[in-house]
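**Student:** Those protein sequences? They're chains H and E, same order as listed. Heads up: the first sequence at position 23 corresponds to 23 in full-length UniProt numbering, and the numbers run straight through without jumps. Heads up: the second sequence at position 214 corresponds to 214 in full-length UniProt numbering, and the numbers run straight through without jumps. The beta-carbon is built from N, C-alpha and C at its ideal position, and this holds for glycine as well.
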Amino acid sequence: MIVYVTKRLVIGLVTLLLASVVVFGVLEILPGDPARIMLGMNAGPDALEALRQEMGLNQPAPVRFFQWLAGLVTGDLGRSYTYSSPVIDLVQERLVVSLPLALISLFLSTAIAIPVGVFAASRSGKLSDTLTMGTAQIGIALPNFWLALLLVYVFAVGLRVLPAGGFPGWADPVEAIKSLILPSISLALPQAAILARVTRSAMVETLGEDFIRTARAKGLPRRKVLWRHALRNAMIPVLTILGLQFSFLLAGTIIIENVFYLPGLGRLIFQAINQRDLIVVEGVVMLLVASLILINLAVDICYAIVDPRLRIGR
Amino acid sequence: MSLLEIENLRVSIGQIPILNGVSLTVEAGEIMGLVGESGSGKSMTALTAMGLLPHGMEAFGRVTLDGVDILSAPESAMNRLRGHDIAMVFQEPMTALNPLKTIGEQVAEGIRWHTGANRADAESRARAMLDRVGLPESQFPLNRYPHELSGGQRQRVVIAMACALNPKLLIADEPTTALDVVIQAQILDLLQELVDEGRMGLLLISHDLAVVAQYADRLTILRDGEVMEAGETAAILREQKHPYTRQLARASTHVPARAKAPEIASGKPLLEVKGVARDYPVRRTSLFAPRKTFRAVDDVSFDIQERQSVALVGRSGCGKSTLARIILALDKPSDGSVTFRGKDLAHGSQAELKSIRRDLQVVFQDPYGSFNPRHRVERLVGEPLHLMEKPLTAAQKRDRVAEALQQVGLSPSDMHKYPHEFSGGQRQRLSIARAIITKPKLIVADEPVSALDVSIRAQILDLFAELNEQLGLAYLFITHDLTVARAVSDVTMVMHAGKIVERGPTSEVLSSPKTEPARALVEAAPDLEQALNKRLQGIQR
Numbered sequence: 001m002i003v004y005v006t007k008r009l010v011i012g013l014v015t016l017l018l019a020s021v022v023v024f025g026v027l028e029i030l031p032g033d034p035a036r037i038m039l040g041m042n043a044g045p046d047a048l049e050a051l052r053q054e055m056g057l058n059q060p061a062p063v064r065f066f067q068w069l070a071g072l073v074t075g076d077l078g079r080s081y082t083y084s085s086p087v088i089d090l091v092q093e094r095l096v097v098s099l100p101l102a103l104i105s106l107f108l109s110t111a112i113a114i115p116v117g118v119f120a121a122s123r124s125g126k127l128s129d130t131l132t133m134g135t136a137q138i139g140i141a142l143p144n145f146w147l148a149l150l151l152v153y154v155f156a157v158g159l160r161v162l163p164a165g166g167f168p169g170w171a172d173p174v175e176a177i178k179s180l181i182l183p184s185i186s187l188a189l190p191q192a193a194i195l196a197r198v199t200r201s202a203m204v205e206t207l208g209e210d211f212i213r214t215a216r217a218k219g220l221p222r223r224k225v226l227w228r229h230a231l232r233n234a235m236i237p238v239l240t241i242l243g244l245q246f247s248f249l250l251a252g253t254i255i256i257e258n259v260f261y262l263p264g265l266g267r268l269i270f271q272a273i274n275q276r277d278l279i280v281v282e283g284v285v286m287l288l289v290a291s292l293i294l295i296n297l298a299v300d301i302c303y304a305i306v307d308p309r310l311r312i313g314r
Numbered sequence: 001m002s003l004l005e006i007e008n009l010r011v012s013i014g015q016i017p018i019l020n021g022v023s024l025t026v027e028a029g030e031i032m033g034l035v036g037e038s039g040s041g042k043s044m045t046a047l048t049a050m051g052l053l054p055h056g057m058e059a060f061g062r063v064t065l066d067g068v069d070i071l072s073a074p075e076s077a078m079n080r081l082r083g084h085d086i087a088m089v090f091q092e093p094m095t096a097l098n099p100l101k102t103i104g105e106q107v108a109e110g111i112r113w114h115t116g117a118n119r120a121d122a123e124s125r126a127r128a129m130l131d132r133v134g135l136p137e138s139q140f141p142l143n144r145y146p147h148e149l150s151g152g153q154r155q156r157v158v159i160a161m162a163c164a165l166n167p168k169l170l171i172a173d174e175p176t177t178a179l180d181v182v183i184q185a186q187i188l189d190l191l192q193e194l195v196d197e198g199r200m201g202l203l204l205i206s207h208d209l210a211v212v213a214q215y216a217d218r219l220t221i222l223r224d225g226e227v228m229e230a231g232e233t234a235a236i237l238r239e240q241k242h243p244y245t246r247q248l249a250r251a252s253t254h255v256p257a258r259a260k261a262p263e264i265a266s267g268k269p270l271l272e273v274k275g276v277a278r279d280y281p282v283r284r285t286s287l288f289a290p291r292k293t294f295r296a297v298d299d300v301s302f303d304i305q306e307r308q309s310v311a312l313v314g315r316s317g318c319g320k321s322t323l324a325r326i327i328l329a330l331d332k333p334s335d336g337s338v339t340f341r342g343k344d345l346a347h348g349s350q351a352e353l354k355s356i357r358r359d360l361q362v363v364f365q366d367p368y369g370s371f372n373p374r375h376r377v378e379r380l381v382g383e384p385l386h387l388m389e390k391p392l393t394a395a396q397k398r399d400r401v402a403e404a405l406q407q408v409g410l411s412p413s414d415m416h417k418y419p420h421e422f423s424g425g426q427r428q429r430l431s432i433a434r435a436i437i438t439k440p441k442l443i444v445a446d447e448p449v450s451a452l453d454v455s456i457r458a459q460i461l462d463l464f465a466e467l468n469e470q471l472g473l474a475y476l477f478i479t480h481d482l483t484v485a486r487a488v489s490d491v492t493m494v495m496h497a498g499k500i501v502e503r504g505p506t507s508e509v510l511s512s513p514k515t516e517p518a519r520a521l522v523e524a525a526p527d528l529e530q531a532l533n534k535r536l537q538g539i540q541r
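Next up, the structure:
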């Protein structure tokens with residue numbers, strides 16, 4: 001188990017290093033001179049040169065790469081030139097919105113998808129299976145921003161029970177949670193639809209295995225066999241999808257955060273790209289890469305917890 | 001009243017009948033052997049008695065266990081019966097256990113469910129049961145996982161699970177078909193002991209008459225969902241009244257008529273294996289432990305002459321398949337050399353190997369898994385033709401495929417069909433056709449008949465014998481089944497723990513084995529005549 005985790009950790013670190021090279025390289029190739037963008041089109045050459053000097057832009061790329069990397073390690077992601085504040089502060093400010101949003105969505109989608117998937121699998125081939133999976137199919141096809149608008153129309157405009165957008169801050173936790181409810185539902189439902197289908201097919205496959213028959217021959221009722229023997233065996237594909245979804249929830253919220261005017265990471269990166277604030281883009285992308293790797297590591301560890309055969313270091 | 005009474009049982013899927021009025025009884029303390037080939041309805045009979053028929057199947061007739069009507073019992077009543085009064089052991093021990101739960105959990109689970117015992121009590125009963133089936137605590141603590149056990153050990157766990165609550169009736173559906181002969185004998189002996197101890201009834205299901213004959217008090221012979229013959233084992237085997245019984249008995253001891261072993265040319269051997277060894281790295285337990293290796297094949301030397309048929313027998317895990325892979329140049333030896341017709345197999349280049357592979361072909365065990373289901377026979381059988389020196393035209397290829405199909409007893413028109421249109425035996429004929437199409441000198445056959453029914457198996461053995469004569473083929477049969485060795489080999493080699501421990505003319509090795517591993521194999525091999533003699537002696541005593 002220790003060998004297994006250590007190996008995964010080393011692989012993760014190497015991936016992170018490679019990703020940092022790619023992120024830095026891509027932004028290096030992109031057209032646009034940061035100094036000119038900061039000072040505007042009318043800036044004189046002297047002023048530009050002075051700024052480049054100040055930001056270290058005149059140094060060769062490898063030197064700047066290692067400076068940047070050293071910064072990353074010490075938690076210094078650089079300074080945004082549009083916000084004129086350290087990137088790390090910006091990220092922290094946004095993360096308190098994005099992280100709870102992602103966690104609530106993940107919780108919702110799992111809590112919906114797994115029971116629905118298990119239910120459909122246990123009734124595989126019957127009408128109730130067809131109906132639930134048909135509904136899930138529609139859920140997959142729904143764009144989440146459209147669902148978001150629909151939810152706003154019903155709960156904010158019509159019933160007036162939840163805010164239509166904005167984020168009041170965590171000073172008042174009840175209001176803060178209230179403002180996250182609609183965004184997380186609109187994120188969670190399409191994800192839940194996918195996850196429910198994956199759960200169902202994994203369960204149907206597991207229910208056909210020999211050991212299910214063995215468990216039934218012991219006299220265990222169908223229901224017990226379903227939850228005790230089948231579900232854990234069906235978890236591996238479900239965990240894989242769950243890991244992918246969590247990283248999507250963290251990074252892919254650009255549209256939903258825009259619909260609900262949430263000051264989250266998605267909006268930060270969206271604005272940074274628009275304003276060519278490359279330092280912010282670099283920093284946030286690296287943060288997302290790191291979280292992705294961390295989630296994958298967590299999923300790998302979950303695999304080993306679920307399946308004893310994977311615990312031996314390979 | 002008998003323990004299990006099945007009367008005029010009919011089962012069908014939609015309109016297709018599976019069982020047509022099967023009747024049989026099992027008494028307490030008795031072993032009833034249910035024998036039949038695949039598709040005869042043995043497993044369906046067993047599943048009906050368990051109340052576990054697959055969806056969409058309906059059963060009519062009468063099935064009672066100790067007076068309780070099974071067919072009309074509600075699901076909740078069946079849940080109380082299963083595992084308590086009636087239990088079952090399945091064919092495939094490798095997949096019959098939940099891979100994510102420890103063996104202790106799995107044995108204790110049924111005990112807790114039926115008796116309401118707390119975890120500690122259930123676990124101590126599970127422990128006692130595992131001890132009873134030959135899995136002592138010192139080597140097999142409760143927290144072992146199934147993947148840490150071998151097939152035979154897993155089957156013992158399944159038996160412990162089934163017998164934990166002393167059921168009145170145990171159904172064992174081909175419990176040893178996936179195991180080697182020595183383990184098979186151990187498992188069947190264990191079942192016999194459990195029956196004798198607890199007055200449990202046992203319904204022992206098998207396709208192999210010889211296996212069942214040795215243990216069963218009475219036999220029921222099933223074919224196409226109908227009972228052909230039923231009665232005392234000794235009487236049935238002695239008289240063999242029913243033609244189908246006779247056919248089964250003959251098939252299971254079938255030895256193809258072969259011309260006398262060809263004069264072995266003393267010239268250069270076809271295949272020469274010299275001091276071959278193969279090491280595998282053993283998984284390290286920690287990052288800092290020294291690297292260890294496991295020697296799967298250990299200093300093996302032998303040769304095969306042209307037209308000679310050699311059997312390599314041994315228990316599972318003895319290294320025979322690794323050796324076969326090395327001979328087929330699918331794996332490289334760690335040490336030693338393999339020479340085929342004077343060319344080095346182990347260190348040859350791809351081009352050299354190509355010409356060698358033309359003369360060295362293979363037949364695998366599983367006629368289902370070794371064909372791509374989306375290709376037609378013409379393409380499947382003609383596949384090795386790319387090994388030919390000069391590329392053949394499409395017409396030439398088709399001629400070769402037609403010829404090969406004819407040689408294995410199929411029709412040339414079969415080349416337009418897909419594999420699923422053939423039966424298991426015909427599919428094995430197809431894989432033999434694929435092997436002989438390049439006109440090879442040596443065929444390596446890895447358990448070529450162990451997945452087949454006895455009568456089909458007799459036919460395939462005949463075919464091997466025939467091709468040996470007609471085409472002058474040499475064979476290397478790899479098998480744990482001595483009847484295969486007896487049927488078609490001139491020389492038998494016994495492998496044990498990576499070494500060849502005995503080698504000699506087949507009849508000699510099988511009748512008077514000299515080494516311990518060879519003796520164990522021969523003694524464990526099911527033999528119809530011996531079984532009958534034992535039964536008759538038992539009656540006289």
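Would Ile273/H and Val281/H be called neighbours here (beta carbons separated by less than 7 angstroms)?
**Tutor:** The answer is yes: Cβ separation under 7 angstroms.
**Student:** Given a cut-off of 7 angstroms on the beta-carbon distance, is the pair Ile177/H and Leu162/H in contact?
**Tutor:** no
**Student:** Where do the ends of the beta strand (DSSP E) carrying Asn8/E lie?
**Tutor:** 4–13
**Student:** Could you tell me which uninterrupted alpha helix (DSSP H) segments, each at least 4 residues in length, are contained entirely in the stretch 497–527 of chain E, listed from first to last along the chain?
**Tutor:** 506–511, 516–524
**Student:** Per DSSP, Phe302/E forms a beta bridge with which residues?
**Tutor:** Val273/E
**Student:** According to a CB-to-CB cut-off of less than 9 angstroms, which residues of the stretch 189–218 of chain H neighbour chain E?
**Tutor:** Glu209, Asp210, Phe211, Ile212, Arg213, Thr214, Ala215, Arg216, Ala217, Lys218
**Student:** Under three-state DSSP, which class holds Arg541/E?
**Tutor:** Bear in mind that a pLDDT of 46 at Arg541/E, under 50, signals an unreliable position, so the number given afterwards is only what the model happens to contain. Arg541/E falls in the coil class under three-state DSSP.
**Student:** Over what stretch of residues does the beta strand (DSSP E) that includes Ile18/E continue unbroken?
**Tutor:** 16–26
**Student:** Using the Cβ count rule (16 or more neighbours within 10 Å means buried), how would you classify Arg541/E?
**Tutor:** In this prediction, Arg541/E scores a pLDDT of 46, lower than 50, which makes its location untrustworthy; the coordinate-derived value is nonetheless stated afterwards. So Arg541/E ends up on the exposed side.
**Student:** Taking Cβ positions only, does Met44/E come closer than 7 angstroms to chain H?
**Tutor:** At a cut-off of 7 angstroms between beta-carbon atoms, Met44/E makes no contact with chain H.
**Student:** Can you name, in chain order, every residue of its own chain whose Cβ lies under 6 angstroms from the Cβ of Leu320/E, other than the five neighbours on each side?
**Tutor:** Here residue 320/E turns out to be Lys, not Leu, going by the sequence shown. Cβ within range, chain order: Leu312, Gly314, Ile478, Met495.
**Student:** For chain H, check one thing: does any of its Cβ atoms lie closer than 7 angstroms to the Cβ of Glu92/E?
**Tutor:** yes
**Student:** Apart from the five residues on each side of it in sequence, which residues of its chain come closer than 6 angstroms, Cβ to Cβ, to Ala87/E?
**Tutor:** Around Ala87/E, the same chain offers Ala162, Pro167, Leu170 as residues with beta carbons nearer than 6 angstroms, after the five sequence neighbours per side are excluded.
**Student:** Identify the continuous alpha helix (DSSP H) that holds Thr64/E and give its terminal residues.
**Tutor:** Unbroken run through Thr64/E is the beta strand (DSSP E), 57–65; no alpha helix (DSSP H).
**Student:** Taking Phe107/H as the reference, give the member of Val152/H, Met235/H, Ala188/H with the closest Cα.
**Tutor:** That would be Ala188/H, whose Cα lies nearest to the Cα of Phe107/H.
**Student:** Should Gly41/E be counted as a contact of the ligand GTP given a C-beta to heavy atom distance under 6 angstroms?
**Tutor:** The ligand GTP is absent from the structure shown, which contains no ligand whatsoever.
**Student:** Could you work out which residue in Gln530/E, Arg503/E, Ile205/E is closest to Ala485/E when comparing CA atoms only?
**Tutor:** Ranking Gln530/E, Arg503/E, Ile205/E by Cα distance to Ala485/E puts Arg503/E first.
**Student:** Measuring only between beta-carbons, confirm whether Arg541/E sits less than 7 angstroms from chain H.
**Tutor:** In this prediction, Arg541/E has a pLDDT of 46, which is less than 50 and means its spatial position is unreliable; what the coordinates show is noted afterwards. No, because no Cβ of chain H sits closer than 7 angstroms to the Cβ of Arg541/E.
**Student:** Give the residues of chain E in contact with Asn233/H, contact being defined as C-beta atoms less than 8 angstroms apart.
**Tutor:** Asn98, Pro99, Leu100
**Student:** Using a Cβ distance threshold of 8 angstroms, determine whether the stretch 64–77 of chain E contacts the stretch 244–256 of chain E, with at least three qualifying pairs required.
**Tutor:** no
**Student:** Following the continuous alpha helix (DSSP H) through Val198/H, name the residue where it begins and the one where it ends.
**Tutor:** 173–207
**Student:** Would you grab the beta carbon distance between Pro93/E and His147/E for me? Rounded to a whole angstrom, and I think it's under 8 angstroms.
**Tutor:** Not a contact, Cβ separation roughly 12 angstroms.
**Student:** So what does DSSP say about Tyr81/H, is it helix, strand or coil?
**Tutor:** Coil, per DSSP.
**Student:** Please confirm if Leu52/E has its CB atom under 7 angstroms from at least one CB of chain H.
**Tutor:** At least one chain H Cβ lies under 7 angstroms of Leu52/E.
**Student:** Note down the Cα distance separating Thr506/E from Tyr244/E, rounded to an integer number of angstroms.
**Tutor:** 30 angstroms
**Student:** What does a CB cutoff of less than 8 angstroms around Ala298/H pick up in its chain, not counting 5 residues either side in sequence?
**Tutor:** Same-chain partners within the cutoff: Gly243.
**Student:** Return no unless some Cβ of chain E is closer than 7 angstroms to the Cβ of Arg309/H.
**Tutor:** yes
**Student:** Would you call Gly117/H buried or exposed, if buried means 16 or more other Cβ atoms sit within 10 Å of its Cβ?
**Tutor:** buried
**Student:** First and last residue of the beta strand (DSSP E) that includes Arg223/E?
**Tutor:** Unbroken beta strand (DSSP E) run through Arg223/E: 218–223.
**Student:** Name the chain E residues whose beta carbon is nearer than 9 angstroms to that of Leu220/H?
**Tutor:** Asn79, Arg82, Gly83, Glu109, Gly110, Trp113
**Student:** Helix or strand or just coil, what does DSSP make of Ile171/E?
**Tutor:** strand
**Student:** How many angstroms separate the CA atom of Leu360/E from the CA atom of Leu476/E?
**Tutor:** 10 angstroms
**Student:** Short of 8 angstroms in beta carbon distance, which residues of its chain neighbour Ala117/E, apart from the five on each side in sequence? Order them along the chain.
**Tutor:** Excluding positions up to five away in sequence, the list reads Ile111, Arg125.
**Student:** Could you say which of Ser186/H, Tyr153/H, Gly169/H lies nearest to Ala141/H if we only look at CA atoms?
**Tutor:** Ser186/H
**Student:** Using a Cβ-Cβ cut-off of less than 9 angstroms, give me the residues of the stretch 289–302 of chain E that come near chain H, in sequence order.
**Tutor:** none
**Student:** Where does Val306/H fall in DSSP's three states?
**Tutor:** helix
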